[in-house]
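Count along the sequence shown starting at 1, add 328, and that's the number in my numbering. Read through the structure below, which is laid out as C-alpha cells, and then see the notes.
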Amino acid sequence: MSNFEFKIEEVTRDGYIAWDAVDAKAGIRFPVNASAPYTAGTFPEITDYLKSQGADFVVTYLDSSRDSLTGTTWVYTRGSDKVTVHDIPRTIIKITVG
C-alpha cells in the first residue's frame, strides 16, 4: 500500500498567479495546473511526479465510488494505493493598489 500526500500552494510566477504542489513527505515542490485547459480534479503534473518516483498512479477524478472531494481535499484511491491532494480555493484575479 502506498500513500502520497500533496498540498497545493498559490505562488506568483512570472508576474501571474500560479500553483505549486508540495510533496508532504519529501518537501519537493513543482508547478501544477500549468497548461490549459485546466480540468478540476485532474493533476497531470502530480501523475508525472509519481511516475518519476516509480508509482503508476493517474491523479484524475474517476467516480465517487473510488474518489472523493471533501471541502477542497481530493482523495484518489486505486486498489490499496491512495493519493490525497489538499487543494485550495483558486484565485482568478488579484488587484494590487499602491
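No residue lacks a Cβ here, since even glycine has one placed at the ideal position from N, Cα and C.
Which residue from the options puts its Cα closest to that of residue i?
i, options, result
"Ile-416", "Met-329, Trp-347 and Arg-341", "Trp-347"
"Val-339", "Phe-371, Arg-357, Ala-383 and Asp-351", "Arg-357"
"Gly-399", "Lys-410, Ser-330 and His-414", "His-414"
"Ile-336", "Gln-381, Ala-364, Phe-371 and Pro-365", "Phe-371"
"Gln-381", "Ile-423, Lys-353 and Thr-424", "Lys-353"
"Asn-331", "Ser-393, Lys-422 and Leu-378", "Leu-378"
"Asp-409", "Ala-362, Ala-383 and Tyr-366", "Ala-383"
Consult DSSP for residue i and reduce its assignment to one of helix, strand or coil.
i, result
"Tyr-344", "strand"
"Ala-364", "coil"
"Ala-349", "strand"
"Ile-336", "strand"
Tell me, to the nearest whole angstrom, how far the beta carbon of residue i is from that of residue j; I am working on the premise that it is less than 8 Å.
i, j, result
"Ala-349", "Glu-333", "Their Cβ separation, rounded to whole angstroms, is 10 Å, which puts Ala-349 and Glu-333 out of contact at 8 Å."
"Tyr-404", "Asp-391", "About 11 Å separates the two Cβ atoms, so there is no contact after all."
3-residue-minimum beta strand (DSSP E) runs that sit fully inside the stretch 369-426, ordered along the chain: Qualifying beta strand (DSSP E) stretches, in chain order: 395-398, 401-406 and 409-414.
Touch test, the stretch 377-390 against the stretch 417-425, Cβ-Cβ under 8 Å, three pairs minimum: Below 8 Å, too few C-beta pairs join the stretch 377-390 and the stretch 417-425 to call them touching: fewer than three.
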